[in-house]
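So the protein sequences, as listed, match chains A and B. Per numbering that gives the first Met the number 0, residue 0 is the first one in the first sequence, and the count goes up by one each step. Per numbering that gives the first Met the number 0, residue 0 is the first one in the second sequence, and the count goes up by one each step. Right, one structure below, let's go through it.
Number of protein chains: 2
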Amino acid sequence: MKTIPVVKEILNANDQIAEENDDLLKSHQIFALNLMASPGAGKTTFILATCNRLPPALRPGVIEGDLASSIDADKISARGIPVVQINTGGGCHLDAPMIRSALPQLPLNDITLLFIENVGNLVCPANFKLGSDLNIVVASVPEGHDKPYKYPTMFVAANAVILNKADMIEVFEFDVDYFRRGVQMVNPNAPIFIVSSKTGAGLDDWITWLAQQAAPKG
Amino acid sequence: MKTIPVVKEILNANDQIAEENDDLLKSHQIFALNLMASPGAGKTTFILATCNRLPPALRPGVIEGDLASSIDADKISARGIPVVQINTGGGCHLDAPMIRSALPQLPLNDITLLFIENVGNLVCPANFKLGSDLNIVVASVPEGHDKPYKYPTMFVAANAVILNKADMIEVFEFDVDYFRRGVQMVNPNAPIFIVSSKTGAGLDDWITWLAQQAAPKG
């Protein structure tokens, strides 16, 4: 009977540290997004395309999560955006202690919008709070329109769903209505933004919504 | 000190059941593949394209793994191929006990080649033996050429790597040489087959290799 309390304690520890991360971010007036997606859905390109179009009050910073490599962080850094790379060393998701370690390495007084790019994985990241304000799920057209039906837990966790690589909808015969119904079946309230990070299509609506969410309340 | 032995026992239990699965499959002269990939890499379409081209001695059966839905199993069944759907109910990978439960539901005396389509996840499935003869990793062009660098543990586990959706190489400006170097860096011996399950390109080489692997030894 000893193992069950141990597991509980670990989960609670993550959630407690997530709350501390949230407190730290709020004390610096930073709004944080946890971006989750399959490998190769285009999270990094989407972050860069978003950063290109942000209103001046939203000054971005990025935490990149990957099993290995600094490929994504290098792309972000090349654009002059503050970035920290977390290598999980095989781990399938980011957790709150990793974010706690990364935050002091960012210029917290200079940024107002933090993108946390989770490990590419449409399953495990949904189970670990990081201390972010919103969960954003990025799906992409080449993955197919059946993903909400096959990976419902991820879509349940979303505050908004991005459908990326929309310039490929015809090439892949992607059924947008079927995808939309799948999202709404498990998560009726999450807005769905259909975008192409490559062409810029659809990004204006997403950024208008994001700016509203990030605006100081009251 | 009580929790460490418990974890070990669970891991050993999986491996032991994987060996039992392997024994059962061998007793029926069935050669088994564990197909692992990101969500939407085209595993099911690749299985169907392969089945269309198999030599007569290779009579296929399929185990489909998904968190939810029977979308993939329905596609396989529609083609008259014996199939069992495993729904993990949120679990991020298949494990050996799940395969043990599924096997008796297949016509084991009629099939000689078993495709086990794992949950779409480029991280976790690599850590769980199922009792298969080969691990096949299916990457796809739209995911990008950097996947071997960012998800090395999956590519380390591969006996062969399929690069699917090759008809999209130009559209996505996919650098095949960079991808190939990434695979060879962590796994110098795995053959890489560049295929399009849609057009059929490259499938002949893959099937020739597969038939050699599956041929009774000695």
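Quick reminder that beta carbons are idealized off the backbone N, C-alpha and C, glycines included.
- Here asparagine 108 of chain A is exposed: its Cβ has fewer than 16 other Cβ atoms, across all protein chains shown, within 10 Å.
- Contact of alanine 200 of chain A with chain B is not assigned, every C-beta pair being separated by 8 Å or more.
- About 13 Å separates the Cβ atoms of valine 61 of chain A and isoleucine 70 of chain A, ruling out a contact at the 8 Å cut-off.
- Counting only runs that start and end inside the stretch 52-134 of chain B, the beta strand (DSSP E) elements of at least 3 residues fall at 59-65, 82-86, 112-116.
- It is roughly 42 Å from the alpha-carbon of serine 100 of chain B to the alpha-carbon of phenylalanine 114 of chain A.
- Looking from the CA of leucine 162 of chain B, the closest CA among B:Val170, B:Tyr150, B:Val175 belongs to B:Val175.
- Contact between the stretch 44-58 of chain B and the stretch 189-206 of chain B is present: 3 or more CB-CB pairs across the two stretches fall below 8 Å.
- Looking only at A:Ile29, A:Glu169, A:Trp208, A:Ala213, the smallest Cα-Cα distance to valine 160 of chain A is reached by A:Trp208.
- Here alanine 72 of chain B is buried: its Cβ has 16 or more other Cβ atoms, across all protein chains shown, within 10 Å.
- The three-state secondary structure of valine 194 of chain B, taken from DSSP, is coil.
- Residues of chain A whose Cβ lies closer than 7 Å to the Cβ of glutamate 142 of chain B are, in chain order, Pro38, Gly39.
- The C-alpha of isoleucine 80 of chain B lies about 16 Å from the C-alpha of leucine 32 of chain B.
- By a beta-carbon distance limit of 8 Å, glycine 39 of chain A does not contact glutamate 169 of chain B. Their separation comes to about 17 Å.
- Look at isoleucine 98 of chain B: its C-beta is not under 8 Å from any C-beta on chain A.
- In this structure, the alpha-carbon of valine 118 of chain B lies about 12 Å from that of valine 136 of chain B.
- Here isoleucine 110 of chain A is not near methionine 97 of chain A, since their CB atoms are 8 Å or more apart.
- Counted as a single uninterrupted DSSP element, the alpha helix (DSSP H) harbouring valine 155 of chain A occupies residues 151-155.
- Spanning the alpha carbons of leucine 133 of chain B and isoleucine 29 of chain B requires a straight line of approximately 12 Å.
- Relative to valine 83 of chain B, the option among B:Ser68, B:Asn126, B:Arg180 whose CA is nearest is B:Ser68.
- For arginine 58 of chain A, same chain residues with a beta-carbon under 8 Å away, outside a window of 5 residues either side, are Asp109, Ile110, Thr111, Leu112 in chain order.
- Between valine 122 of chain A and tyrosine 150 of chain A, the CB-CB gap stays under 8 Å.
- In the DSSP assignment, the residues bridged to isoleucine 161 of chain B are B:Val137, B:Phe192.
- At a cut-off of 8 Å, the C-beta of glycine 119 of chain A has a neighbouring C-beta in chain B.
- Against chain B, the beta carbon of leucine 66 of chain A has neighbours under 8 Å at Val122, Lys149, Tyr150, Pro151, Thr152, listed in chain order.
- Beta-bridge analysis with DSSP links alanine 31 of chain B to B:Leu113.
- Non-local C-beta neighbours of isoleucine 193 of chain B in its own chain, meaning closer than 6 Å and more than five positions away in sequence, comprise Leu162, Ala165, Gly201, ordered along the chain.
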